[in-house]
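In what follows, a single structure is set out as structure tokens and then discussed.
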Amino acid sequence: GAGVSQSPSNKVTEKGKDVELRCDPISGHTALYWYRQSLGQGLEFLIYFQGNSAPDKSGLPSDRFSAERTGGSVSTLTIQRTQQEDSAVYLCASSLGGASDYGYTFGSGTRLTVV
Amino acid sequence: GENVEQHPSTLSVQEGDSAVIKCTYSDSASNYFPWYKQELGKGPQLIIDIRSNVGEKKDQRIAVTLNKTAKHFSLHITETQPEDSAVYFCARTHNNNDMRFGAGTRLTVKP
Numbered sequence: 437g438a439g440v441s442q443s444p445s446n447k448v449t450e451k452g453k454d455v456e457l458r459c460d461p462i463s464g465h466t467a468l469y470w471y472r473q474s475l476g477q478g479l480e481f482l483i484y485f486q487g488n489s490a491p492d493k494s495g496l497p498s499d500r501f502s503a504e505r506t507g508g509s510v511s512t513l514t515i516q517r518t519q520q521e522d523s524a525v526y527l528c529a530s531s532l533g534g535a536s537d538y539g540y541t542f543g544s545g546t547r548l549t550v551v
Numbered sequence: 483g484e485n486v487e488q489h490p491s492t493l494s495v496q497e498g499d500s501a502v503i504k505c506t507y508s509d510s511a512s513n514y515f516p517w518y519k520q521e522l523g524k525g526p527q528l529i530i531d532i533r534s535n536v537g538e539k540k541d542q543r544i545a546v547t548l549n550k551t552a553k554h555f556s557l558h559i560t561e562t563q564p565e566d567s568a569v570y571f572c573a574r575t576h577n578n579n580d581m582r583f584g585a586g587t588r589l590t591v592k593p
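Residue numbers (the working numbering), protein chains in the order written: chain A, 437 to 551; chain B, 483 to 593.
Next comes the structure, spelled out in structure tokens:
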């Protein structure tokens with residue numbers, strides 16, 4: 437597609453349930469990033485995928501968070517046993533290559549609300 | 483640390499006035515400094531960027547300046563318009579692998 441696509445755009449879930457958030461990057465973009473944006477806050481780095489290399493998971497806040505990227509394209513961010521503090525907007529971005537060389541293109545995000 | 487300090491957190495200006503947002507960083511290896519604009523309900527969009535070998539860059543009403551010695555960079559918006567109202571984020575890259583963002587500045591342009 438023309439841009440980064442994220443689904444769903446909104447998700448309300450009960451505390452303790454698992455959720456899956458999907459990101460479809462721009463075709464041909466080898467790098468994919470997940471960020472979390474809490475209400476009124478900046479962007480918190482979560483995880484980074486680059487080609488076939490092992491992902492950089494250094495930003496994942498706990499072992500309840502995981503992400504995968506199948507076939508070097510679509511990525512899924514999974515949050516297990518959701519907690520109220522997980523409520524935030526989850527943003528995905530993709531890049532043609534290194535962030536310094538090509539910059540990011542962001543999706544519109546998934547707004548997650550844990551009740 | 484690895485992150486970026488951004489000030490002010492909120493900024494209100496009258497239409498037609500200028501707006502300036504400043505960011506500081508500590509990692510001297512940072513070499514790319516983009517600025518993003520985020521409108522309500524949307525993802526951040528790149529509006530201008532600068533690399534470490536350049537001191538200033540302009541694009542119509544928007545300019546960015548970089549002081550590598552002092553490790554700070556600034557966004558300047560002249561002749562502000564109501565549609566400039568948004569949240570602005572500065573960022574810097576580290577090792578070309580990931581981008582670290584400032585906390586954001588909510589700019590309000592009053593007509």
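Idealized CB from N, CA, C, for every residue including glycine. Since the model is a prediction, treat every value here as computed from it, not as a measurement.
- Residue 466 (chain A) is outside the set of residues whose beta carbon lies under 9 Å from a beta carbon in chain B.
- Within the stretch 543-556 of chain B, no residue has a Cβ lying closer than 9 Å to any Cβ of chain A.
- Under the Cβ distance rule, residue 568 (chain B) does not count among the residues neighbouring chain A, no pair being separated by less than 9 Å.
- For residue 478 (chain A), the neighbours in chain B by C-beta distance under 7 Å run, in chain order, 571, 583, 584, 585, 586.
- 9 Å or more divides the Cβ of residue 554 (chain B) from the Cβ of residue 500 (chain B).
- For residue 532 (chain A) against residue 487 (chain A), the beta-carbon gap comes to about 11 Å, at or over 8 Å, which does not count as contact.
- For residue 535 (chain A), the enclosing alpha helix (DSSP H) covers residues 535-538.
- Contacts with chain B at 9 Å (Cβ-Cβ) include residue 527 (chain A).
- Proximity of residue 501 (chain A) to chain B, defined by a Cβ-Cβ separation below 9 Å, is not satisfied.
- Residue-level contact check: residue 539 (chain A) touches chain B, since one or more beta carbons of chain B fall below 9 Å from its beta carbon.
- Taking a 10 Å sphere around the C-beta of residue 524 (chain A), we find 16 or more other C-beta atoms and assign the residue as buried.
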